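Note sheet for the following structure.
Below, the structure written as structure tokens:
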């Protein structure tokens, strides 16, 4: 999938991972989360928000990170038939280490 | 279309793109977004908000950028029969690269 | 109409323009906005809000500017039989250039 | 009426003017505002709020100013049978010039 | 009444004055305020809130001041059979001068 | 009761005092507060919140202080059969002097 | 349990302790908290939030701390069949000392 989205501010583009896929971290999401995935891979990272002096605050995630995020976080967009999410970095809960 | 609007603060003027138009980025918007477009072209860009010292914070988008924005973002205005939207830059999610 | 109102802070006094009047910018407002005008002419401009050091933040609009503003913005007052609105500058969306 | 109230912070004491009185500015208030006056004369002015360094922010109105304020602004108190209002300066919309 | 309360932050301890008592300022409270008094005498004053550098912001009222406060302001406590109120200084509207 | 809780931030641990116990300050709480005590003794004090530079803001109460707090303030925890409350210092109204 | 989660910002990963387990601190949680545990062990700690200059604010808890947290705090995730919670440090009430 060639990605053509450049997220703004502290936003990131995430491709949700299907719940059935067990990650190398052995992580499963609880049954109550079945409708919406809570795990995904980072496809693109924004330049970061600006602090009160107008300077960029560095982002803590990078492309290819596996991340956990709260249910219903982000806005859904479809690219080449795949659903992706655009959300703010502070909607992310944790990075799943590989 | 000659545009005569000069947006204030961190506002931008966006002309929504019809969902049927496939952009060069191969981007489609999901079915649930049919009523309101989520993609548009930037027609005008405000001077930016002022930080707490009264200086302008630079804008991250420019005229002719293709942008994604949240459903229901912005205020609708009609110019020469075309619907345009005026919204704040932080209502924008991402720039669609060409 | 002689105006005798001196707006406080970042407030401005706006005389709404009738929707039927087409401005020189060829701007029309959508049908859904019929009850309340969204376009007006600036009659008076406040001195600006104070920043956290107590200094005035300069205003971005001036008397005679044609402005767009959100529906229901401002407080209605009647002067010599005409309805005017007093609103804050950040309720303004854009300046309509002549 | 001898006034014995010293307002605190950025508060002011206002005596509402009856709607029937046409001011020298030829200002009338709209019919929908009949129940509560929106115009008054300033009887007393507080010392101003403190900024984040603890210094006073100067007030923009002074005793005897005729002011416009939003409906329902302020707290009603009765002195010698007259109703007066105590409100914050930012509840004021404009000064009516004489 | 010996007072044993030391208010914290910008709080003050106020003993409400009965509405029937006309103060030396000739001040009456409106009928709609009958259930809860809006006037009282200051019994104790806290050390003041801290500003963002951790320094105390000075209080504007002192013990024995007669003050006006908004209905329902503060928390009721009973000392030796008397009802007193503990409230924040910014719940006070004005000092009634003697 | 040996206490094993170290409160975080500006939190304190308070053991509520029964309403029947008259304190040395002769303080009674009003009847409407019967269900939940509003008076207690401080068992532990957190290190204080951090100001915007990351430094600790000193706490105004210390262990063994008798304090008044708003009804429903804090979170209930049971230690060795006794109910204690963990609350933030700004939920405290006053110190009852002994 | 090998943990593979790296929490972001001021988030921590907590494994809730069953209410039946009496900790060495002799701490019991009240009956009204039966549905959701309020006590847990810290499995992982984020790098801390950034202050307004972009520097990290140090965390006050560390791995293996026993902590108390408000009911319903955090987001549930399941790892190897165990339920864990990801929450922000300011959802924590206190550290239970061993």
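Chains as they are written, first to last, in the working numbering: chain U, 1 to 98; chain A, 1 to 98; chain P, 1 to 98; chain R, 1 to 98; chain E, 1 to 98; chain Y, 1 to 98; chain V, 1 to 98. For glycine and all other residues, C-beta sits at the position ideal for the given N, C-alpha and C. Note that this is a predicted model, so its numbers are computed, not measured.
Contact set between residue i and chain Y, taken where Cβ atoms lie within less than 7 Å
i: residue 42 of chain V; result: Simply none; closest approach about 12 Å.
i: residue 52 of chain E; result: 51 and 52
Among the options, the one whose alpha carbon lies nearest that of residue i
i: residue 73 of chain Y; options: Y/9, Y/40 and Y/8; result: Y/40
i: residue 10 of chain A; options: A/89, A/81 and A/51; result: A/89
i: residue 62 of chain U; options: U/6, U/17 and U/45; result: U/45
i: residue 17 of chain U; options: U/93, U/98, U/94 and U/84; result: U/84
i: residue 59 of chain V; options: Y/86, Y/58, Y/79 and Y/54; result: Y/54
i: residue 15 of chain P; options: P/93, P/68 and P/42; result: P/42
i: residue 94 of chain A; options: A/81, A/82 and A/68; result: A/68
Residue i at chain P interface by Cβ criterion, 8 Å
i: residue 96 of chain R; result: yes
i: residue 48 of chain A; result: no
i: residue 82 of chain R; result: no
i: residue 21 of chain A; result: Its pLDDT being 47, under 50, residue 21 of chain A is placed unreliably in this model, and the coordinates cannot settle the point.
Chain A contact for residue i (CB, 8 Å cutoff)
i: residue 61 of chain U; result: no
i: residue 35 of chain U; result: Low per-residue confidence applies at residue 35 of chain U: pLDDT is 37, beneath 50, and the placement is therefore not dependable, though the value from the model is reported in the following sentence. Output row for residue 35 of chain U: interface = no.
Test: residue i CB closer than 8 Å to a CB of chain V
i: residue 6 of chain Y; result: yes
i: residue 85 of chain U; result: no
i: residue 17 of chain U; result: no
Pairwise C-alpha distance: residue j and residue i
i: residue 96 of chain E; j: residue 52 of chain R; result: 27 Å
i: residue 76 of chain R; j: residue 4 of chain A; result: 47 Å
i: residue 70 of chain A; j: residue 91 of chain V; result: 30 Å
i: residue 49 of chain V; j: residue 49 of chain Y; result: 14 Å
i: residue 98 of chain R; j: residue 86 of chain R; result: 23 Å
i: residue 47 of chain U; j: residue 13 of chain U; result: 12 Å
i: residue 7 of chain U; j: residue 38 of chain U; result: 20 Å
i: residue 65 of chain Y; j: residue 80 of chain V; result: 47 Å
i: residue 56 of chain Y; j: residue 57 of chain A; result: 32 Å
i: residue 78 of chain P; j: residue 82 of chain A; result: 33 Å
Test: residue i CB closer than 8 Å to a CB of chain R
i: residue 90 of chain E; result: yes
i: residue 10 of chain E; result: no
Residue-level contact to chain E via CB, residue i, 8 Å cutoff
i: residue 93 of chain Y; result: yes
Within chain U, partners of residue i - CB distance below 8 Å
i: residue 13 of chain V; result: 94
Contact list for residue i against chain V, beta-carbon separation under 9 Å
i: residue 79 of chain U; result: None at all; the shortest Cβ gap to chain V is about 25 Å.
C-beta neighbour in chain U for residue i, strict 8 Å
i: residue 73 of chain A; result: no
**Study point:** 3-residue-minimum beta strand (DSSP E) runs that sit fully inside the region 60-89 of chain E, ordered along the chain
**Key:** 66-69, 75-79 and 82-88
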